[in-house]
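Participant:
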Amino acid sequence: MASNYPGSLDSFDTIASDKKTSDSVGGRTHRAMHNDLGDAIEAVQGELGVNPSGTYDTVSDRIAAVEDGFPTIGIGDVTTGPADATITGNPGDGYELNLVLPGADGFVQQAAGGVLANGTNHIIGEDGTNAIASDVGTATVLGGGSPNYENVIGASTTANVNTSTSNLPTATGTGANWSVIVGGYDNVVNGSACVVSGYHNKVESTASHATIAGGSIHSIGAGIDYATISGGTENTVTGDWAVVGGGVRNTAAQGATNSGGIENTASGTASVVGGGEDNVASGAQSTVGGGNVNQATGTTTTIAGGKTNSASGTSSVIGGGQNNTVNQNQATIAGGTNNTASGISATVGGGQYNTASGTAATIVGGRENTASGAAATAIGREAKADQETMVAFGGGKFSANGDAQGIKFVARRQTTNGTASEVLLNAAQRMVVPDDTTWAFTGVVVARRTDANNESAGYKIEGVIDRNSGAGTVALVGTPTVTVLGEDTSAWDVTVSADTGYGSLKVAVTGEASKTINWVAFIDVASTTG
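Oh and the sequence shown: position 484 is 499 in my numbering, straight run, nothing missing.
Now the structure itself:
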């Protein structure tokens with residue numbers, strides 16, 4: 016490069032001018048190294064548009080010329096007051112640009128095409144419409160915005176979001192420190208430490224640590240902490256720590272998660288909606304996995320899916336299906352259609368129009384079965400299990416449930432003496448014959464001594480019993496038979512009778528004094544009513 020600097024600098028005549036450095040650093044003369052430094056500074060001046068032909072007697076003069084050659088930065092039109100711009104720093108540590116542009120109503124508004132910094136606030140973008148409240152610190156707007164659809168931090172109101180009215184505020188004081196808007200337009204953040212992106216989104220005052228990652232027309236309510244909306248449109252968070260993953264018009268309350276779908280509501284504390292449409296999880300810790308128009312309103316209830324199912328009992332479960340209802344605690348419907356589990360811990364496995372109303376009652380499946388007895392079970396079609404622990408097998412009906420069915424009973428008794436004692440369902444309930452009903456029964460009775468070994472017995476019973484109207488009308492039809500299948504002690508015995516006091520089939524067992532004997536009767540019944 017041809018030098019334009021004074022000879023006193025370029026010629027560099029000294030005793031050591033032509034002294035060479037060692038070969039390890041290039042073996043060049045001091046004169047050559049000095050001229051290289053001048054050429055380098057001259058090149059920088061040329062890049063900055065500084066006239067390198069001026070007279071600079073020292074290297075410091077040359078460096079000052081480089082610094083003076085920094086370009087000026089246009090601040091843009093400022094109509095509300097003078098702008099204040101400063102550059103601080105030094106060549107060794109770098110430089111910092113600080114622009115303060117007074118905007119309307121105490122706000123700092125972006126200059127068109129510029130970078131705005133109000134203390135620790137920053138607006139970066141091209142449109143010139145975004146704003147940060149003057150009382151907000153450490154906030155950032157990264158681009159976006161549009162006239163009347165500004166991105167604003169600390170706007171004091173969100174009423175104009177998603178309208179054609181400007182978001183620029185009439186007051187400050189939201190305390191929206193440390194918040195960031197990343198692109199998009201028409202976003203307003205009045206909460207602190209919040210991050211928002213997308214379009215027409217808003218975070219109300221006193222909210223904190225909220226995130227709207229994208230999408231549009233989302234809302235995070237006042238005073239809500241650590242809420243998240245990941246995307247979608249028209250989603251709303253109404254409680255702390257809530258999450259909406261996406262979808263449209265979904266809502267999540269405190270600690271709730273609404274993964275997506277359409278118009279789902281997770282309004283119970285720590286509730287979950289996985290997806291689907293028009294589902295509601297309003298019970299605390301309740302869950303709706305998906306489906307359509309399902310409602311989990313009880314605490315810790317679960318509806319996995321299906322349509323128009325309702326679970327209101329605490330810790331109740333519906334696996335799927337349609338129009339199923341669980342309205343008692345710990346009850347379950349696995350699936351099917353139009354089933355009801357209204358007993359505590361009752362279960363319907365599936366099928367149609369089944370009702371399990373007894374405590375711990377079960378309907379395995381089928382159609383139009385009822386299980387109202389405690390721990391009773393109904394299977395098939397139009398079976399009626401209305402006594403404790405009974406199992407009813409329905410084969411359809413003549414006119415009413417249970418008028419054509421098979422029944423299984425298991426009754427038990429423990430004896431310690433030689434007195435005849437009735438075996439009972441769950442050791443408490445009798446085998447009651449319904450009005451206008453006939454039973455043909457067959458069964459076996461087993462006995463075993465428990466306080467010593469080698470004493471057992473077995474018996475078979477058969478007979479017919481009927482009842483008209485009222486307990487006193489129950490009677491055996493013919494004579495029942497009792498067959499000894501085997502016994503170690505001939506003093507043990509089994510008898511069968513009709514109990515007119517209770518209207519029931521009575522199976523009595525006789526043991527021995529000072530002997531503890533367990534008795535179990537397993538009885539099959541063919542039943543018809545009419």
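The beta-carbon is built from N, C-alpha and C at its ideal position, and this holds for glycine as well.
1) Using DSSP with H/G/I as helix, E/B as strand and the rest coil, what is Ala-349?
2) Please report the distance separating the alpha-carbon of Ala-513 from that of Val-522.
3) State the CB to CB distance for the pair Gly-206 and Gly-230, rounded to an integer number of angstroms; the pair is presumed to be in contact (CB under 8 Å).
4) So what does DSSP say about Gly-487, is it helix, strand or coil?
5) Using the rule of at least 16 other Cβ atoms within 10 Å of the residue's Cβ for burial, across every protein chain shown, is Val-492 buried or exposed?
6) Does DSSP put Thr-243 in a helix, a strand or coil?
7) Look at the alpha carbon of Leu-157 and the alpha carbon of Gly-289, and state the distance between them as a whole number of angstroms.
8) Do Asn-177 and His-215 have their beta-carbon atoms positioned less than 8 Å apart in this structure?
9) Per DSSP, Met-405 forms a beta bridge with which residues?
10) Going by DSSP, which residues form a beta bridge with Gly-410?
11) Can you give me the C-alpha to C-alpha distance between Ala-228 and Val-195, rounded to a whole angstrom?
12) Helix, strand or coil for Gln-420, going by three-state DSSP, please let me know.
13) Thr-374 to Thr-465, Cα distance in whole Å?
14) Please report how far the alpha carbon of Val-211 lies from the alpha carbon of Ile-378, in whole angstroms.
15) On the criterion of 16 or more Cβ atoms from any shown chain inside 10 Å, does Pro-162 qualify as buried, or is it exposed?
16) By the 10 Å Cβ neighbour count, where 16 or more other Cβ atoms means buried, how is Asn-469 classified, buried or exposed?
17) Quick one: which unbroken beta strand (DSSP E) runs of 3-plus residues sit fully inside the region 440–464? Chain order, please.
18) When the Cα atoms are used, what is the spatial distance from Ala-400 to Thr-385?
19) Closest to Gly-351 by CA distance: which of Ala-419, Gly-298, Val-341 and His-137 is it?
20) Hey, would you say Gly-213 sits closer than 8 Å to Asn-166, going by beta carbons?
21) When DSSP labels each residue in this structure, what does Ile-532 get in the three-state scheme?
22) Taking 8 Å as the threshold (C-beta atoms), are Phe-424 and Ile-538 in contact?
23) Run through DSSP, which three-state label would Gly-152 get?
24) Can you grab the Cα-Cα spacing for the pair Ala-462 / Gly-433, in whole Å?
25) Name the one or two DSSP bridge partners that Thr-525 has.
26) From this set, Gly-335, Gly-366 and Thr-329, which residue's C-alpha is nearest Ile-359's C-alpha?
27) Are the beta-carbon atoms of Ala-154 and Ile-168 separated by less than 8 Å?
28) What is the rounded straight-line gap between the Cα of Ala-222 and the Cα of Ala-393?
29) Got a sec: does the ligand ADP put a non-hydrogen atom nearer than 7 Å to the Cβ of Ala-319?
30) Along the chain, where does the beta strand (DSSP E) containing Glu-502 start, and where does it finish?
31) Go ahead and label Asn-250 buried or exposed: buried means 16 or more other beta carbons lie within 10 angstroms of its beta carbon, across all protein chains shown.
32) In its own chain, which residues sit with a C-beta less than 6 Å from the C-beta of Trp-256, not counting the 5 before and 5 after it?
33) Tell me which same chain residues have a C-beta within less than 6 Å of the C-beta of Val-130, skipping the five on either side of it?
34) Could you round the C-beta distance between Ala-419 and Thr-543 to whole angstroms and report it? I think they count as a contact, below 8 Å.
35) Measure the alpha-carbon distance for Ala-225 versus Ala-208 and round it to whole angstroms.
36) Can you round the beta-carbon distance between Gly-160 and Thr-144 to whole angstroms, since I take them to be within the 8 Å contact cut?
Facilitator: With the structure as the only source:
1) coil
2) 9 Å
3) The pair is not a contact, with the Cβ atoms about 18 Å apart (cut-off 8 Å).
4) helix
5) exposed
6) strand
7) 33 Å
8) yes
9) Per DSSP, none; premise fails for Met-405.
10) Arg-396
11) 11 Å
12) strand
13) 31 Å
14) 52 Å
15) exposed
16) exposed
17) 452–464
18) 6 Å
19) Val-341
20) no
21) strand
22) yes
23) coil
24) 14 Å
25) Asp-508
26) Thr-329
27) yes
28) 54 Å
29) Ligands displayed in this structure: none; no statement on the ligand ADP is therefore possible.
30) 496–502
31) buried
32) Tyr-241 and Gly-270
33) Bear in mind that the predicted position of Val-130 carries a pLDDT of just 38, short of 50, making it unreliable; the figure below should be weighed with that in mind. So the list reads Ile-139, once near-sequence residues are dropped.
34) 6 Å
35) 7 Å
36) 5 Å
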